[in-house]
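Trainee: Mapping the sequence shown onto this note's numbering, position 49 (from 1) lands on 137, and the numbers just tick up by one.
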Amino acid sequence: MVTETPEIYKTLVEPYIDAVSANRCQWVYNILNHTTESDRIVYENPDVLTGYIVLPDLKWDGKMVSSLYLCAIFHRKDLRSIRDLTTDHIMLLKDFRESILYEIPKKYHIDSNQLRIYFHYHPSYYHLHVHIAHVSYDGSFGSVAGKAILIEEVIERLQECPTGTGYSSKTLTFSIGEESDIWKNIFARLT
89 MVTETPEIYK TLVEPYIDAV SANRCQWVYN ILNHTTESDR IVYENPDVLT GYIVLPDLKW
149 DGKMVSSLYL CAIFHRKDLR SIRDLTTDHI MLLKDFRESI LYEIPKKYHI DSNQLRIYFH
209 YHPSYYHLHV HIAHVSYDGS FGSVAGKAIL IEEVIERLQE CPTGTGYSSK TLTFSIGEES
269 DIWKNIFARL T
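#1: Please report the distance separating the alpha-carbon of S169 from that of P211.
#2: Output needed for K147: all residues of its chain with C-beta closer than 6 angstroms, excluding positions within five of it in sequence on either side, in chain order.
#3: Leaving aside the five residues before and after R245 along the sequence, list all residues of the same chain whose C-beta is less than 8 angstroms from its C-beta, in chain order.
#4: Rounded to the nearest angstrom, what separates F229 and H219 at their Cα positions?
#5: Please confirm whether F184 has its beta-carbon closer than 7 angstroms to some beta-carbon of chain E.
#6: May I have the straight-line CA-CA distance separating E266 from V108, to the nearest angstrom?
#7: I need the DSSP call for N111, collapsed to helix, strand or coil.
#8: Leaving aside the five residues before and after L181 along the sequence, list all residues of the same chain whose C-beta is less than 7 angstroms from its C-beta, in chain order.
#9: Which residues mark the beginning and the end of the beta strand (DSSP E) in which R204 is found?
#10: Tell me which same chain residues have a C-beta within less than 8 angstroms of the C-beta of S224, skipping the five on either side of it?
#11: DSSP three-state label for C159, please.
#12: How about E191 and Y131: do their beta carbons lie closer than 7 angstroms?
#13: Pop quiz: H208 and K235 are said to be a contact at Cβ under 8 angstroms. What is the actual Cβ separation, rounded to whole angstroms?
#14: Taking the C-alpha atoms as reference points, what is the distance between A160 and I96?
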């Protein structure tokens, strides 16, 4: 487990993300611009400030609803991870959650309480996205404590923050693989 303080984030992690994120997100921008994968879109809210695209994750076979695994990618480019979320984004997250809990069960004929909606920290790419999985999906490493943070928890923690602040001011503890770039470039040097 790794503990990332606000100071470590600001001085080491954020500059690293700034340096690598643009190069690694072109495929995301292609999806958001409908250049690629538009035939796989399950649902879209096209609003540039509050919108997102939902599509099946490659881990899902697209058939067994009990292993449903979707990914929602927000249109906003200024939000890269939960670290960029502040109290200003509480309504964005609440509206997103409400919409997902309505649209996805309607499409896949399941109850809304059968969905788990969560963020990864650190994410595999630095453009804000949310994982949507059936509660029966075990998902290996990505859906366990230390990697997954439920959207309800993110909203609650933001509601506890002073106005205008957010996750950049929080200390986060999480699991990270020793083969990950963020481990090699930052956290291995701190141990």
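All residues carry an ideal CB built from backbone N, CA and C; glycine is no exception.
Mentor: On the basis of the coordinates in this document:
#1: 7 angstroms
#2: Y157
#3: Y255 and K258
#4: Its pLDDT being 46, under 50, F229 is placed unreliably by the model, and nothing is read from it.
#5: Structure shown: chain E not included; a single protein chain is present.
#6: 18 angstroms
#7: helix
#8: I239, V242 and I243
#9: L203 to H208
#10: S154, S155 and Q202
#11: strand
#12: yes
#13: 6 angstroms
#14: 28 angstroms
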